[in-house]
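Peer 1: In the numbering used here, the protein residues as written are 2 to 275.
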Amino acid sequence: MRIEQWYKNLLIVVPAVFSLKLTDISIYLPLLMGFLSLSLASSAGYVFNDIKDLERDRLHPRKQYRPLASGQVSVKEAELLMFTLIATSLGLAIQLGTCFTAHIVALVLIAFLYSLYLKKVAVVDVTAIAVNYLIRAVSGAVLIGVEVSPWLIAGIFFLALFLVLSKRKAELNIAGSTSREVLRVYGGKWLDQALNMCAAMVMVTYAIYCAEVPLGHKLVPTIPLMAFFLLRYTLALELSKGEHPHEVVLGDKLTLLATLALISSVLLLVYVWP
């Protein structure tokens, strides 16, 4: 189920943060239910991916220890778990409305298409994952009935793309090009260029958001923090032995400090600073 990956679904809270809704207690229950629905749907996608990648995972230096690859769980048990997760996720989503349910269905469909086809096509693979990050964030706006700035949406997408590309680079460094088909296409130089492009786009879209949105002027002091985070994360990626974003962040004290400083500064400036 990869519960340690559920933190990605906290993106559902982002629209509430930037629409000044965090002080509205009435949104907390829908957001909690939405978070659980997204998390269960995401876990179903992970289980399906593990089923499809079973033989490859058994040869991977790290993935061979996953429950399915190691033989702790059978394929039939994994399939039963997957269907249970989808049913429970949809059961929660239906209570939150048709539009949110559509986002959950889209998330699952993209995850399944990714496991079947999309992950085999260079650039399409990372874009599909980034789109699922975006679905998580937009679904939060749907739940609380607010509009999200296009610049914020663009920023989330490019940040997601940056993180996914960084994972590809880590996989290439740790396990080589044999661990994933698209890594035979990607090269270290191309990944570096793509990471630099996405980091630049994150900065551009975030800076424009701060300049164009009425609330954004409060966030101007966080622009240097965003730049430091991206630069330090890129450096930490080179030094880390982790593949996932949370492993990179937790593995480097300055990256962790930058992450906490950025989040706390945004909350302080938006909700406390006059």
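Yeah, the Cβ is synthetic: ideal placement off N, Cα and C, and Gly gets one too.
Closest to R3 by CA distance: which of Y47, Y29 and D193 is it?
Peer 2: It is Y47 whose Cα lies nearest to the Cα of R3.
Peer 1: Check whether the Cβ atoms of S116 and L39 lie closer than 9 Å to each other.
Peer 2: No. Outside cutoff.
Peer 1: With DSSP collapsed to three states, give me the class of Q73.
Peer 2: In the structure shown, Q73 sits in coil (DSSP, three-state: anything other than H, G, I, E or B).
Peer 1: With a threshold of 16 other CB atoms inside 10 Å of the CB of Y118, please say whether the residue is buried or exposed.
Peer 2: Y118 should be labelled exposed.
Peer 1: So, A131 versus V165, is the Cβ gap smaller than 9 Å?
Peer 2: Cβ atoms of A131 and V165: closer than 9 Å.
Peer 1: How is the alpha helix (DSSP H) around W191 delimited, first residue to last?
Peer 2: Its alpha helix (DSSP H) spans residues G189 to E213.
Peer 1: In the structure shown, what three-state DSSP assignment does Y118 receive?
Peer 2: Residue state, collapsed to three classes: coil.
Peer 1: Which of the three DSSP states is assigned to K168 in this structure?
Peer 2: Residue state, collapsed to three classes: helix.
Peer 1: Is it buried or exposed, V221, if we count other Cβ atoms within 10 angstroms and call 16 or more buried?
Peer 2: Counting Cβ neighbours within 10 Å, V221 comes out exposed, since fewer than 16 surround it.
Peer 1: Taking Cβ to Cβ, would you say D15 is nearer than 9 Å to G141?
Peer 2: One point to set straight first is that residue 15 is Val, not Asp, in the sequence displayed. Result yes, Cβ atoms of V15 and G141 sit closer than 9 Å.
Peer 1: With distances taken Cα to Cα, identify the nearest neighbour of G217 among V249, W274, L184 and L255.
Peer 2: If we check each option's Cα against that of G217, W274 comes out closest.
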